[in-house]
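Asks: Reading the sequence shown from the start, the letters are residues 302 to 414 in the working numbering. Idealized CB from N, CA, C, for every residue including glycine. Predicted model, so just to flag it, every value in this text is computed and none were measured. This is the structure, below, for whatever I ask next.
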Amino acid sequence: MEDLTRATPQLKAWFITGCWATVTPRGAFLNALDQRKDIAVIAFDTVKEELLLVKEGLVQALIGQRPYEMGYRCVEMLHDIVQNRKMPSATTLATGVDVITAANVDSFLVKPD
């Protein structure tokens, strides 16, 4: 990603489908982004390290899958199955989606990961 960012002046955006590229220690890719302010970066997940990149301006938007809610609701469902012998009525657990930008990133920095 670093090489493409540096070598492709016509590159306008990155869509990163996992937090692997953004949560690693600040490496060459993020340094390359720092030099290319004309590239938009949209990433998936909303871990604290990524939220800080939005605040810094290196990432313009995050699409989050609410990991805290997923864990909480799964434990709740397991409790119902084991303790109450109650099977979930749905086969899909929808926890919603968060879209984070510079306009709302501060409100997500105070929430648990």
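1) Assign A391 to one of three DSSP states: helix, strand, or coil.
2) For I364, which beta-bridge partners are listed by DSSP?
3) Between the region 383-399 and the region 350-362, can you find at least three pairs of beta-carbon atoms closer than 8 Å?
4) For T318 versus R337, is the C-beta spacing smaller than 8 Å?
5) So, is A344 buried or exposed, given that buried needs 16 or more other C-beta atoms within 10 angstroms?
Replies: Taking the definition as stated:
1) A391 carries a coil assignment under DSSP once its states are collapsed to helix, strand and coil.
2) According to DSSP, which records beta bridges pairwise, I364 is partnered with F345, V400.
3) Contact check between the region 350-362 and the region 383-399: fewer than three CB pairs, one atom from each, fall below 8 Å, which does not count as touching.
4) Going by C-beta atoms, T318 is not nearer than 8 Å to R337.
5) So A344 counts as buried.
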